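Numbering of the sequence shown is given in numbering that gives the first Met the number 0, commencing with residue 0 and proceeding in unit increments. Glycine included, C-beta positions come from ideal geometry on N, C-alpha and C. All values derive from a computational prediction rather than experimental measurement.
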Amino acid sequence: MRLKIHTKAQPKIMSDQNSKDSPRQHKVPFTSPFLPRNPKVVSVKDGYDQWSEIYDDETNVLIMLEERYLQPRLAQKNYRNIFDCGCGTGRLAHWLRGQFPEAEICGADFSEGMLKKARDKDINSRISWHYADLNQPVPFLGGHFDLIVSTLVIEHINSLDNYFAEIKRVAAPGADIFITGLHPAMHLLGISARFENQANEQILPESQCHSLSAIFNAAVTAGLQVTRIEEHIADAELVAQAIKAERYLGIPLLFIMQMQPGLSKV
0 MRLKIHTKAQ PKIMSDQNSK DSPRQHKVPF TSPFLPRNPK VVSVKDGYDQ WSEIYDDETN
60 VLIMLEERYL QPRLAQKNYR NIFDCGCGTG RLAHWLRGQF PEAEICGADF SEGMLKKARD
120 KDINSRISWH YADLNQPVPF LGGHFDLIVS TLVIEHINSL DNYFAEIKRV AAPGADIFIT
180 GLHPAMHLLG ISARFENQAN EQILPESQCH SLSAIFNAAV TAGLQVTRIE EHIADAELVA
240 QAIKAERYLG IPLLFIMQMQ PGLSKV
């Protein structure tokens with residue numbers, strides 16, 4: 000007797016947000032060994048202004064994964080006009096300057112502390128630094144940049160729709176856009192951007208738990224074509240670089256989305 004197996008059709012990717020402009024605040028419903036003790040939640044601006052003093056001195060496993068997986072992709076083309084959207088201390092922008100010595104490079108960030116560190120690193124880098132709240136329109140002309148990178152920023156974005164609409168607006172036709180972020184699996188474990196200050200307090204800048212589907216759909220809604228999604232775990236190579244990664248072994252840490260202006264088909 001032959002059995003018939005019925006399978007349900009796969010649904011369209013849908014966001015798990017209650018409102019597209021109001022990301023759901025995720026609360027961990029269980030006791031997680033990854034949760035910091037007595038964390039102090041502060042505003043994004045205040046948090047990163049404080050963090051800027053030690054940011055470049057810390058071992059950051061997310062940055063290590065970016066260097067392994069993102070930077071080789073950025074080096075594959077010759078870009079002329081580059082926007083580092085949420086540039087922080089200028090880590091990636093200065094690397095891009097080394098790769099593309101003739102390019103116009105603009106960096107924008109919400110933290111004056113981070114921007115000061117970026118400016119102080121190399122006064123001859125010919126990178127223009129701008130103060131900008133990425134939840135608001137950015138101070139650049141439309142259709143200008145052929146490369147846009149926005150790394151480890153998206154968890155601090157309140158409105159994904161506004162964020163991607165601005166990225167789409169300033170992107171030149173055919174531009175390459177790379178978005179990276181802390182993987183949502185980490186948020187589910189109670190992990191978000193955080194650092195320890197000199198008083199041994201765990202400081203958490205405010206963050207949102209955006210699912211990959213919410214990010215994907217917001218990009219599509221803005222008129223961007225998502226061409227590639229990568230999810231990278233903590234592996235043995237990462238543990239060899241930084242022993243602190245051992246506690247995350249096998250867990251997705253970082254995602255990378257690549258996109259271009261255009262309409263995606265969902």
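| field | Distance, L73 Cα to I126 Cα | value | Within the sequence shown, numbered from 1, the residue matching residue 126 stands at position 127. Within the sequence shown, numbered from 1, the residue matching residue 73 stands at position 74. Between I126 and L73, the C-alpha separation is close to 17 Å.
| field | Buried versus exposed, by CB contacts within 10 Å (16 or more), A235 | value | For the purposes of this step, residue 235 is taken as the residue at position 236 of the sequence shown. The residue in question, A235, is exposed, as its Cβ has fewer than 16 Cβ neighbours within 10 Å.
| Do three or more CB pairs link the stretch 164–178 to the stretch 195–212 at distances below 8 Å? | no
| field | Nearest residue (CA-CA) to L304, options Q259, E57, S124, I81 | value | Summary: the structure shown does not reach residue 304, with the chain confined to residues 0 through 265, and so no result is reported for it.
| query | In angstroms, rounded to a whole number, what distance separates the CA positions of H182 and Y54? | reply | Stepping through the sequence shown from its first residue, residue 182 is reached at position 183. Stepping through the sequence shown from its first residue, residue 54 is reached at position 55. Distance between the alpha carbons of H182 and Y54 is about 20 Å.
| query | When the Cα of N216 is compared with those of G97, K116, D160, which residue comes out closest? | reply | As a position in the sequence shown, residue 216 is number 217, starting the count at 1. For N216, the nearest C-alpha among the options comes from D160.
| Status (buried if at least 16 other CB within 10 Å, exposed otherwise) for S191 | Against the sequence shown, residue 191 aligns to sequence position 192. Result: buried.
| field | Simplified DSSP state of Y130, which is helix, strand or coil | value | Translated into positions along the sequence shown, residue 130 becomes position 131. Reduced to three states, the DSSP call for Y130 is strand.
| said: What residue range does the beta strand (DSSP E) around I53 cover? | reply: For the purposes of this step, residue 53 is taken as the residue at position 54 of the sequence shown. Looking at the DSSP string, I53 is not in any beta strand (DSSP E), and its letter there is neither H nor E.
| Whole-angstrom C-beta distance between L114 and Y130, which should lie under 8 Å | Stepping through the sequence shown from its first residue, residue 130 is reached at position 131. Stepping through the sequence shown from its first residue, residue 114 is reached at position 115. About 6 Å separates the two Cβ atoms, so the contact holds.
| query | At what residue ranges does the stretch 221–261 contain a whole run of the alpha helix (DSSP H), taking only runs of 4 or more? | reply | 235–240
| said: Are the CB atoms of Q201 and G112 within a distance shorter than 9 Å? | reply: Taking the first residue of the sequence shown as 1, we reach residue 112 at position 113. Taking the first residue of the sequence shown as 1, we reach residue 201 at position 202. Cβ atoms of G112 and Q201: not closer than 9 Å.
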